[in-house]
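K.L.:
Just so we're on the same page, my numbering is the position in the sequence shown counted from 1, plus 37. Here a beta-carbon is modelled for each residue, glycine too, at the ideal position from N, C-alpha and C. Note that the structure is predicted; figures quoted are calculated from it, not measured.
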Amino acid sequence: MVDLVPLAGGVAVTHSLRGLGPVLAARNTFRGRGFVAVLDKKDVLSPTDLPRGVVGCVLDQSTGVSESAWHALTTALRRNETVVAVGTDKQLVELVTALPEQLSTALDVVPRRDLTELDNGPYGLLHDSVLGYLGTLRQCGRWHLDWRRVYARQTDAGLAFTLLRQRSPVFVDVLLGPGSLGRCQRHGTPVILP
38 MVDLVPLAGG
48 VAVTHSLRGL
58 GPVLAARNTF
68 RGRGFVAVLD
78 KKDVLSPTDL
88 PRGVVGCVLD
98 QSTGVSESAW
108 HALTTALRRN
118 ETVVAVGTDK
128 QLVELVTALP
138 EQLSTALDVV
148 PRRDLTELDN
158 GPYGLLHDSV
168 LGYLGTLRQC
178 GRWHLDWRRV
188 YARQTDAGLA
198 FTLLRQRSPV
208 FVDVLLGPGS
218 LGRCQRHGTP
228 VILP
């Protein structure tokens with residue numbers, strides 16, 4: 038993060054929700070209209086790359102149910118729209134328990150995982166706090182990279198990631214941790230092997 042602070046001074050803001058739209062699209066989550074609630078801190082920028090017809094917001098659960106994002110979430114659930122909540126396991130449990138039962142059953146919860154937390158699912162999104170969303174666990178049971186936006190390579194120090202469409206700042210060979218790469222037999226695309 039020190040390298041991201043502007044030379045003229047000021048605050049370094051990362052777009053930690055970068056890539057959320059493409060990885061949700063790879064899950065075939067939305068068909069038409071929908072709503073995405075990302076459970077995070079209030080200072081996180083809202084998702085900007087969601088599919089057409091999908092609205093997103095950042096829901097900070099520490100602020101309580103008076104927040105406008107909470108109102109938007111419950112309204113979308115009452116309209117029977119496709120509603121997805123993305124967050125850590127703890128955040129998702131807190132959200133489901135805070136919602137009325139008839140609304141919580143319609144909510145699609147998707148856990149966010151970093152490289153050291155990869156499991157066998159049945160679903161999840163691969164996330165890094167600086168690089169954003171890097172891939173998804175697909176129906177085949179493998180962690181697929183968003184290979185149109187993200188390139189990964191194995192190094193002696195672990196997996197290094199490059200964001201192919203990020204220009205300012207450019208993220209090249211960012212080391213995130215241990216793991217190995219493979220190719221999905223079913224889809225023919227790069228996967229991360231936990």
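What is the rounded straight-line gap between the Cα of Leu61 and the Cα of Arg190?
P.N.:
As a position in the sequence shown, residue 61 is number 24, starting the count at 1. As a position in the sequence shown, residue 190 is number 153, starting the count at 1. Looking at the two C-alpha atoms, the distance is approximately 23 Å.
K.L.:
Going by beta-carbon coordinates alone, are Arg149 and Pro59 separated by less than 9 Å?
P.N.:
For the purposes of this step, residue 149 is taken as residue 112 along the sequence shown, with counting starting at 1. For the purposes of this step, residue 59 is taken as residue 22 along the sequence shown, with counting starting at 1. Against a cut-off of 9 Å, the Cβ pair of Pro59 and Arg149 comes out as no contact.
K.L.:
By the 10 Å Cβ neighbour count, where 16 or more other Cβ atoms means buried, how is Leu136 classified, buried or exposed?
P.N.:
Within the sequence shown, numbered from 1, the residue matching residue 136 stands at position 99. Leu136 comes out buried.
K.L.:
Report the residue from Asn117, Glu118 and Thr111 whose alpha carbon sits nearest the alpha carbon of Val133.
P.N.:
Position 96 of the sequence shown, counted from the start, is the residue given in the question as residue 133. Here the closest residue by C-alpha is Thr111.
K.L.:
Do Asp151 and Leu163 have their C-beta atoms closer together than 9 Å?
P.N.:
Reading the sequence shown from its first residue, position 114 is the one you call residue 151. Reading the sequence shown from its first residue, position 126 is the one you call residue 163. Against a cut-off of 9 Å, the Cβ pair of Leu163 and Asp151 comes out as a contact.
K.L.:
Can you give me the start and stop residues for the beta strand (DSSP E) that Leu96 sits inside?
P.N.:
Numbered from its first residue, the sequence shown carries residue 96 at position 59. Counting along the chain, the beta strand (DSSP E) containing Leu96 begins and ends at Val91 to Leu96.
K.L.:
Which partner residues does Ser217 have in the DSSP bridge list?
P.N.:
Here residue 217 refers to the residue found at position 180 when the sequence shown is read from its first residue. Note: Ser217 sits in a beta bridge opposite Leu230.
K.L.:
What are the boundary residues of the alpha helix (DSSP H) that includes Gly58?
P.N.:
For this step, residue 58 is matched to residue 21 along the sequence shown. First-last of the alpha helix (DSSP H) with Gly58: Leu57 to Ala63.
K.L.:
Going by Cα to Cα distance, which pick from Pro88, Asp126, Lys78 and Arg179 is closest to Glu104?
P.N.:
In the sequence shown, counting from the first residue as 1, residue 104 sits at position 67. Comparing Cα positions, the closest option is Lys78.
K.L.:
Determine the closest residue to Ala106 out of Val167, Arg68, Asp126 and Leu76, with distance taken between C-alpha atoms.
P.N.:
Residue 106 sits at position 69 when you count from the first residue of the sequence shown. With distances taken between Cα atoms, Ala106 lies closest to Leu76.
K.L.:
Pairing CB atoms from the segment 63-70 with CB atoms from the segment 173-181, are three or more of them under 8 Å?
P.N.:
The answer is yes - the segment 173-181 touches the segment 63-70, with three or more Cβ pairs under 8 Å.
K.L.:
If you scan the segment 78-144 from start to end, which runs of the beta strand (DSSP E) of 3 or more residues do you find wholly inside it?
P.N.:
If we require 3 residues or more, the beta strand (DSSP E) runs fully inside the segment 78-144 come out as 91-96 and 119-124.
K.L.:
Tell me the DSSP bridge mates of Thr192?
P.N.:
For the purposes of this step, residue 192 is taken as the residue at position 155 of the sequence shown. Thr192 is bridged to Gly195.
K.L.:
Enumerate in chain order the residues of its own chain whose CB-to-CB distance from Leu212 is below 6 Å, with the five nearest sequence positions on each side excluded.
P.N.:
Position 175 of the sequence shown holds residue 212. The residues are Ala194, Gly195 and Ala197.
K.L.:
Would the beta-carbon of Trp227 fall within 9 Å of that of Cys221?
P.N.:
As a working mapping, residue 227 is identified with position 190 in the sequence shown. As a working mapping, residue 221 is identified with position 184 in the sequence shown. Reading the sequence as shown, one finds Pro at residue 227 and not Trp. Against a cut-off of 9 Å, the Cβ pair of Cys221 and Pro227 comes out as a contact.
K.L.:
Can you tell me whether Pro159 is buried or exposed? The criterion is at least 16 other CB atoms within 10 Å of its CB, across all chains shown.
P.N.:
What you label residue 159 is simply residue 122 of the sequence shown in a count that begins at 1. So Pro159 counts as exposed.
K.L.:
Excluding the five sequence neighbours on either side, which residues of its own chain have a C-beta within less than 6 Å of the C-beta of Gly90, listed in chain order?
P.N.:
The count along the sequence shown starts at 1 and reaches residue 90 at position 53. Excluding residues within five positions, the ones whose Cβ falls inside 6 Å are Gly69 and Arg70.
K.L.:
When you compare the CB positions of Gly161 and Val147, do they come within less than 9 Å of one another, or not?
P.N.:
Locating residue 161 in the sequence shown gives position 124, counting from the first residue. Locating residue 147 in the sequence shown gives position 110, counting from the first residue. Yes, Cβ-Cβ distance for Gly161 and Val147 is below 9 Å.
K.L.:
Have a look at Leu182 and Ile229 and give me their C-alpha separation to the nearest angstrom.
P.N.:
The count along the sequence shown starts at 1 and reaches residue 182 at position 145. The count along the sequence shown starts at 1 and reaches residue 229 at position 192. Their backbone Cα atoms lie some 7 Å apart in a straight line.
K.L.:
Indicate whether Thr192 and Asp165 have their beta-carbon atoms separated by less than 9 Å.
P.N.:
Within the sequence shown, numbered from 1, the residue matching residue 192 stands at position 155. Within the sequence shown, numbered from 1, the residue matching residue 165 stands at position 128. No; because the gap between Cβ atoms is not below 9 Å, this pair is not in contact.
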